[in-house]
Structure formats: structure tokens, C-alpha cells
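Student: Chains as they are written, first to last, in our numbering: chain A, 4 to 376; chain B, 1150 to 1511. Sending over a structure as C-alpha cells; questions will come in a sec.
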Amino acid sequence: MTTTREIAIQTEPFVVNFGPAHPSTHGVFRMLTTLDGEVIVAMEPVFGYLHRGIEKLAEERTYGGCIPLTDRLDYLASMSNNFAYCLAVEKLAGIEVPERAEYIRVIMAELQRIASHLIAIGAFLNDCGAFQTPIVYMIREREKILDLFDMVCGQRLTYNYMRVGGVSQDIPEEFVPALKKFLKEMPGWIKEYDRLLKENEILLARAKGVGILSKEMAINTSASGPVLRASGVEWDIRRADPYSIYDRFEFDIPTGTAGDCYDRYRVRIEEMRQSLRILEQAAAQISPGDFRSEVPHLVRPPAGEAYGRLESPKGELGFYLVSDGSIAPYRFHVRAPAFINLTALSDMMRGWKVADAIIIFGSIDICMGEVDR
Amino acid sequence: MAMQMVPPDWPGNLWAHWAVFTVIIVVFILVSVLMFIWFERRAMAVMQARLGPNRAGPFGLFQSAADALKVMIKEDIVPSRSDSVVHWLAPVVAFVPVMMVFAVVPFQGGALLADLNVGILYVVAISSVTTLGIFMAGWASNNKYSLLGAMRQVASVVSYEIPVVLSLVGVILLTGSLSLQQIVQAQDIPFILVQPLGFLLFFTGALAEINRAPFDLTEADSELVAGYMTEYSGMKFGLFFLAEYAEALVISALVTTLFLGGWRGPLLPDWLWFLVKVGAVFFVIVWIRTTVPRVRIDHLMALAWKFLFPLALINLLVTAVEMLVWPDVSLWLLVPINFAVMIVLVLIWSKFFKLGWGRVNV
Chain A
4 MTTTREIAIQ
14 TEPFVVNFGP
24 AHPSTHGVFR
34 MLTTLDGEVI
44 VAMEPVFGYL
54 HRGIEKLAEE
64 RTYGGCIPLT
74 DRLDYLASMS
84 NNFAYCLAVE
94 KLAGIEVPER
104 AEYIRVIMAE
114 LQRIASHLIA
124 IGAFLNDCGA
134 FQTPIVYMIR
144 EREKILDLFD
154 MVCGQRLTYN
164 YMRVGGVSQD
174 IPEEFVPALK
184 KFLKEMPGWI
194 KEYDRLLKEN
204 EILLARAKGV
214 GILSKEMAIN
224 TSASGPVLRA
234 SGVEWDIRRA
244 DPYSIYDRFE
254 FDIPTGTAGD
264 CYDRYRVRIE
274 EMRQSLRILE
284 QAAAQISPGD
294 FRSEVPHLVR
304 PPAGEAYGRL
314 ESPKGELGFY
324 LVSDGSIAPY
334 RFHVRAPAFI
344 NLTALSDMMR
354 GWKVADAIII
364 FGSIDICMGE
374 VDR
Chain B
1150 MAMQMVPPDW
1160 PGNLWAHWAV
1170 FTVIIVVFIL
1180 VSVLMFIWFE
1190 RRAMAVMQAR
1200 LGPNRAGPFG
1210 LFQSAADALK
1220 VMIKEDIVPS
1230 RSDSVVHWLA
1240 PVVAFVPVMM
1250 VFAVVPFQGG
1260 ALLADLNVGI
1270 LYVVAISSVT
1280 TLGIFMAGWA
1290 SNNKYSLLGA
1300 MRQVASVVSY
1310 EIPVVLSLVG
1320 VILLTGSLSL
1330 QQIVQAQDIP
1340 FILVQPLGFL
1350 LFFTGALAEI
1360 NRAPFDLTEA
1370 DSELVAGYMT
1380 EYSGMKFGLF
1390 FLAEYAEALV
1400 ISALVTTLFL
1410 GGWRGPLLPD
1420 WLWFLVKVGA
1430 VFFVIVWIRT
1440 TVPRVRIDHL
1450 MALAWKFLFP
1460 LALINLLVTA
1470 VEMLVWPDVS
1480 LWLLVPINFA
1490 VMIVLVLIWS
1500 KFFKLGWGRV
1510 NV
């Protein structure tokens, strides 16, 4: 595509290579952009720099031994990954999970959603050029969540907490009071972020109407998560296909209307509020009991296939497992939400300026560990 | 350029005066830039709920010195296929004018290198030369990020020079002089009260000209890596960095001189008042940097031409009419009038001027 204009000065588009090492590519992502001045004519995403062959590695491991691998997919939401994988294995092997374990899992998944959204929003605002102020505040709050995770499993990034049929260990006594304290403080913090930038004229100008992903387009590219909901589709797997015990909780599904960067930002803020609602209900309802069902050390599911999915912070995270009756999965496939959401990126960016491209990319909230696997 | 000779209270001849003040200015700029960098990092850390530099020396005071030392001993890398002469010249062209501006800034009554009778004109003319250095850097680096950053810089300076100069004319009308020394002497009340709109426009425009947030598009770190500085290392990078903070220092000093009454103030010695005011203005610049996101290049242009430019013209008109109608009126009388004018104008403009999603499509 050429946009050469026959004026006094001839101009021609030129290619700029954003990444793989660039301050705002959120990992090793590369955007081959063709620019006409400041305007983006075409964008070609290039990834694979972080490929570790996790899907193939998993075929050599036992079903339980795959759980640490899932930690390393979306390392900002390891709990959700553990959870989704365990759902798939339990579906494949027909294993029941005790009620207490279900509550613990839901609490962990929702805390993880808040932690992941905090990073997503902070990084997005950082891309907007709010010089690190928002992200530092959000990391401060994420620390509190990591402290809670630290309390239950001793880890702060790769938790490896969930097991087939439950979780690795029961939550300690001091966890629920600490969680309740966190639930009391967090709404105030969310209000603080809102005060910081919600009505900021520059942010509105930068994010409103920018990078629009239409409803049809979002469905056609099978986008999911906040990206899809910001386009106005009320699709949340917690509600559409309730897994675990999500049918017991009351919560709303925040949706946007325009599908622009600002809506994606607002949807994430609202989702944090809804996660807090779920957490409050879960913290009130959780009762003593087993934290893991009796599962043999080496799970041998019958030959067959299963697809376990859940609503991870970034969208529909699915694990597709095929068993040949042995102790290791025959095929281990990950439906990574960030990877699929990225497919719409090229179309969202076309025609916008360089500065917009960065925030459109930031508003999708990707994690390269998950995209490249 | 008529140079008024040595101020009467200064002993010695012109050359002694010149030598002493050149040394003072160079040392002042270098030391205060190092202090500013430290101050900015500490102040930002406080605003961002973190600690900031605290290892080198008490409160991390020597952090800037350590950084400066590191920059000096780092290897100087010149990219292949770059225009090496221009690449070498660019930091010098960017840095020297910033130093030269200080020749006319009075540190206290009579304490300045040259009391030019065209002071403001000199400042405006010299300070825009820095842009040339930045564009040279962008062009010579043979790097697309650098070129994009340099293009943004030229575009923004060409636009913002106009409202900035126009907003200064109000001050000139009030004093009837272009000399910074005489402008300070005329400020029995700080001109920020008499020229509130002029101050607002000047400060906004000046921030855009020196690429401080929210107008730091030239080096937008999340978009263009480091903009025009991407291919610079070692002391050449150090010079750009120095020039950038020295520009912030210049703007702080100019705001102090033109709008905050310069060295004048009760109790404290004059030179201390000057430093305190410069520090306060710089603090506001840092504060803005931590608070707001970056604007986009077309919004930047829109702000200059649709908001600042007309307001600067109206401000000039209002001041001129006031000076014409009541030439001898007390300035205190103008304070409420000009504040009312500012509030009404800003309200009207912000009503129909919105960045982006508003009624005016930019």
C-alpha cells in the first residue's frame, strides 16, 4: 500500500520495528508497523520469542506434574491457570472436588483476577504516559494480594497451589481474617484510582473512541474477557457456563458500549469491584471440610478427551486434554485468551497514530508467557 | 545589540564582570541541574508511594553526582551510517543556548551578566535554537524513533513559540521594557496577579516547548523509547540530559522573573528568594509530570492553535486596552479585572474546546 502524495515534497511510508525489546511491548512482542508520518498504515504482529514448547513438554509429564508448567503460561495469573488445568483433568478423570476446596479455588481465582487487572490497568495508564504514578499505586495493592497468596502457598509468582481434586494444602487460620481486612480496604483504593484519572481530560481524549473493536468484529475474532465485554457482549463463562461453584454467587457482568480503549479500562475497574463482591460472599460461606479429595498419586484417566475452561482475567482460558489411558496427557493444548485477543490487534490499530497504537496494544492486556507458550 | 554597561554596584571592568559571571552561571547551572534531578526523583518518589534514591550519601544526595560520573566514563557509541559530524555537534547546539539564556536572568538586583534592553527578545530567540540541536540529533542518528521524536519536537516548538511570545507581551506592556532587570523592578505586585491568564498560557506553552510532561512527546518513553536521544550514549547523552533539565531551570527562572517578582521578597536575602521561587516552580513542573498522562501530537497542535493562541491574543488585547485607557491606574485595580477576564475566557473556551471526544473534532 502506498500513500505517496504528489505535493511539493514526496512522502513515502516507512517501516518501524516496535520490539521485541521496546519499553511498552509488555514482553518480547514485535510490531512491524508501516507508518505514513505518524499514522499507522499497516501492522504485522510477530511473536514466538518466548516459545518454550510447554505444550510438548507437558506430554512427557504426569497429569499432576503439568501443574507447574501452567504456572508459567500467564505468569500474572498463575492461580487461574492452575484452576483451569485442574478443571480439565477432573473432567477427564471424573474426579469430585470437596466443597471447601471449591471455595478456596474461587477465592484464589478472584484475588488473582484483581491482581492481574491491577497490572493491566497500571500498564495501560503507563502506556498512556501517566509517568509511572498509577502503576506504582497498583503494584502497592497487588502486593497485598501476593501477601495473601504467600500465606497459603509460600509463593508470590508461580504458585503451583492447586492439585487435581483440590488444593495442595488447607488455608491457614489467619487467612480468612486477613482476606476480610483486604476486602474492607480495597474498595477505598479502587476509588482512589478512579479519582486519579477517571475524569482526566487527557486520558478521555487519548482513550475514548480510540481502537474501537466492534461487537461483530469481537465475536468474529473470538475475543473474550474484558476485551469482548467492553465491546458490549455480555459473555462471561462464570455466568454462561458456570464451573466450580460460581452459580452460588451474585455478581454483575460489567459491559462497555463503544468497545474503545476507555471502555476496556472501565470494564476492568468494574470487574475488580464485582470480584470483591464474590470474595465477600465466598469468605462468608466457606466452611470447614476436606481440602482435597482422595486422588491416586498418578492419575490415569480413561482414554478420551476433555476441554476445561474458565474465565481468566484475560478471557476464556481453556485446556484441551486428550488421554490415551496412560499417566501422561497424549495431547495438551492451551486456548490462550491473550493470544486470541491479539488477532484483532492489526485491524484495531490501522489508521491510528503511533501513540494510539501503544495504548490500544496496552488495553488488550496480554502476557507474552501465555501468547508464546 | 546595545549592552548597558556594568551595573553601577559592581566593581571592576567589563571583562572581569564577564569572566566572573560566566563562571557563576556555568557552576550554577551544573549544580542546580544535579540538584534538580535529585529533587525530581525524590519528589516523584514521595508522590508515587516509593522511596527514590537513598543509597549514595545522605538522602541519596550524591546519586546525581554518581550518575554524572558514570555517564562521563561510559563509551561513546556512534551508530554506523550516521552523520557523525552532526551527531557530534547536536548535543552542543542543544546545550549551549540554554546556558546563554541565563546571561540576562537577574539573580538579584544588578547581579546578572548583561542587562540587555532587549532581554525578552533575546531569551525567546536564543532558547528556540535548542530545537535545532534536537532536530540535528534526530536526523543524524539514522534511527526512526529519533527522527519521529525530532519531527514532533519541531512541530511543537513552531506552534508553541507563538502563544508563548504573545503571552509575554502583556508583561512587556505593563512594564514598558524588555529588560528582565527592569521587569523585576516594576513588579511591586507579582505579575502573576496582574497577568494571571498570561502566566497560565506562558507556563503551559513553556512546558510544551521544553518537552516536560504532559507534553513530553519528543522522548515519549512508552512510544519512542527515548526519542531523539535513543542513539546517544556517554557524555553526549549527558549533555542532552543536562540541556533538558537546564531548560526546566530556565523556564523556572523565567517564570520567577517575569511573573513571581524575581528576587524580590521580604526577610530572606534576595538571591535566596530567587532560588526558593525557582525551586517552587520546578516543584510544580514535577508535580504535573507525576499527575497527568501524555497528550497526543494532534491534541498538542489543537491545544496550541485553538486554545492557547486565541487566548493569548485576547489577553494581549485586554492588557493593551487597559494600558491605553488607564495608563496611571494602580495595578491592584487590574488584579480583580484580569482574574475575572481569565476565568470567563477559560470557561468559555473549555466549553467548546475539548480534546478528542468533545464537540470540536481535532
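A virtual CB, placed ideally from N, CA and C, is assigned to each residue, including glycine.
Would you say P1442/B reaches chain A, if we count a Cβ-Cβ gap shorter than 9 Å as a contact?
Tutor: yes
Student: For C131/A and chain B, any beta-carbon pair shorter than 9 Å?
Tutor: yes
Student: The alpha helix (DSSP H) that contains R143/A, what's its start and end?
Tutor: 136–156
Student: Per DSSP, what kind of secondary structure is M1154/B in: helix, strand or coil?
Tutor: Confidence at M1154/B is low in this model, with a pLDDT of 48, below 50, so the placement of that residue should be treated as unreliable; the coordinate-derived value is given next. Coil, per DSSP.
Student: Measure from the C-beta of T136/A to each C-beta in chain B and report whether the shortest distance is under 9 Å.
Tutor: yes
Student: Determine, using beta carbons only, whether Q1197/B comes closer than 9 Å to chain A.
Tutor: yes
Student: How many Å lie between P304/A and K94/A at the Cα?
Tutor: 9 Å
Student: Under 9 Å between the Cβ atoms of N1266/B and L1327/B?
Tutor: Yes. Within cutoff.
Student: Could you name each continuous alpha helix (DSSP H) segment of 4 residues or more that falls completely within the segment 1399–1464 of chain B, going from the start of the chain to the end?
Tutor: If one requires a minimum length of 4 residues, the alpha helix (DSSP H) runs lying completely within the segment 1399–1464 of chain B are 1419–1440, 1446–1451, in chain order.
Student: Between the segment 302–318 of chain A and the segment 358–373 of chain A, do at least 3 Cβ pairs fall closer than 8 Å?
Tutor: Touching, yes, given that three or more Cβ pairs across the two stretches are closer than 8 Å.
Student: CB P1240/B to CB A1299/B, shorter than 9 Å?
Tutor: no
Student: Cα separation between L1346/B and R1413/B?
Tutor: Answer to the nearest angstrom: the Cα atoms are 22 Å apart.
Student: Is A243/A closer than 9 Å to L231/A when the C-beta atoms are compared?
Tutor: Remark: C-beta atoms of L231/A and A243/A do not approach each other more closely than 9 Å.
Student: DSSP has R64/A in a bridge; who is on the other side?
Tutor: Paired residue(s): none; R64/A is not in a bridge.
Student: By the criterion of Cβ-Cβ separation under 8 Å, what are the contact partners of V139/A in chain B?
Tutor: Going along chain B in sequence order, the residues near V139/A (Cβ under 8 Å) are Q1197, A1198, R1199.
Student: Interface residues of chain A around T1439/B at Cβ under 9 Å?
Tutor: A133, F134, Q135, T136
Student: Between which two residues does the beta strand (DSSP E) containing R338/A stretch?
Tutor: Taken as a continuous stretch (DSSP letters only), the beta strand (DSSP E) holding R338/A covers 334–338.
Student: Going by CA-CA distance only, name the one from W1481/B, L1297/B, F1456/B that's closest to G1376/B.
Tutor: If we check each option's Cα against that of G1376/B, L1297/B comes out closest.
Student: Of all Cβ atoms in chain A, is any one closer than 9 Å to the Cβ of V1303/B?
Tutor: no
Student: Tell me the residue span of the beta strand (DSSP E) that contains D39/A.
Tutor: Counting along the chain, D39/A sits inside the beta strand (DSSP E) bounded by residues 33–39.
Student: Label N1292/B either buried or exposed according to how many other C-beta atoms from any shown protein chain fall within 10 Å of its C-beta, with 16 as the threshold for buried.
Tutor: buried
Student: By DSSP's criteria, E314/A is part of a beta bridge. Which residues make up the other side?
Tutor: Answer is E319/A.
Student: With a threshold of 8 Å, establish whether the CB of T1439/B neighbours any heavy atom of the ligand GTP.
Tutor: The ligand GTP is not part of this structure, which contains no ligands at all.
Student: Tell me the rounded alpha-carbon separation between R1443/B and G157/A.
Tutor: So the alpha carbons of these two residues sit roughly 39 Å apart.
Student: Can you check whether the C-beta of A118/A is within less than 9 Å of a C-beta belonging to chain B?
Tutor: Interface annotation, A118/A: not in contact with chain B, CB-CB separation never under 9 Å.
Student: Is A1362/B helix, strand or coil by DSSP?
Tutor: coil
Student: Is there a C-beta anywhere in chain A that falls below 9 Å from the one on I1446/B?
Tutor: A Cβ of chain A is located within less than 9 Å of the beta carbon of I1446/B.
Student: Buried or exposed for F1352/B, going by 16 or more other Cβ atoms inside 10 Å?
Tutor: buried
Student: Considering E99/A, what are the terminal residues of the alpha helix (DSSP H) in which it resides?
Tutor: Taken as a continuous stretch (DSSP letters only), E99/A belongs to no alpha helix (DSSP H), as it is neither H nor E.
Student: Please report the residue range of the alpha helix (DSSP H) in which F185/A lies.
Tutor: 178–200
Student: In whole angstroms, what is the alpha-carbon distance linking L207/A and F1364/B?
Tutor: 16 Å
Student: Which residue from V109/A, H29/A, G228/A, E102/A puts its Cα closest to that of I343/A?
Tutor: G228/A
Student: Assign I43/A to one of three DSSP states: helix, strand, or coil.
Tutor: strand
Student: Please compile the residues from chain A whose C-beta is within a distance smaller than 9 Å of the C-beta of L1293/B.
Tutor: In the sequence under discussion, the amino acid at residue 1293/B is Lys, which differs from the Leu named in the question. Near K1293/B (Cβ distances below 9 Å), the residues of chain A are F17, V18, V19, N20, L38.
Student: What does a CB cutoff of less than 7 Å around I1341/B pick up in its chain, not counting 5 residues either side in sequence?
Tutor: Excluding the 5 residues flanking it on each side, I1341/B has same chain C-beta neighbours closer than 7 Å at F1348, F1408, L1409, in chain order.
Student: Can you give me, in chain order, the residues of the segment 338–360 of chain A that have a beta carbon less than 9 Å from any beta carbon in chain B?
Tutor: K356, V357, A358, D359, A360
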